[in-house]
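Numbering (my numbering), first residue to last: 6 to 82.
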């Protein structure tokens, strides 16, 4: 189960945690899509940028189906 939240950075800064090597703030065209480690993060960012473009931030539900080590299929409900 994944739960992702959108929020405001405290003091406008971010730093890596236990499961991250690096953190960056990036516009959509600056995201290093081919270097992101987890497909679920790619899917989450795509939904975020779609919501941002529409000006409406929705709650997204779905099932993440792992097809192989690097590939997922997402069924949105």
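Where is the CB? At the ideal position from N, CA and C, for every residue including glycine.
{"query": "Contact check, residue 117 vs residue 78, beta carbons under 8 Å", "result": "Since the first residue of the chain shown is 6 and the last is 82, residue 117 is not available in this structure."}
{"query": "Alpha carbon of residue 74 to alpha carbon of residue 7, nearest angstrom", "result": "17 Å"}
{"query": "Sub-8 Å separation of residue 33 and residue 62 beta-carbons", "result": "no"}
{"query": "Secondary structure of residue 48, DSSP reduced to three states", "result": "helix"}
{"query": "Distance, residue 81 Cα to residue 66 Cα", "result": "6 Å"}
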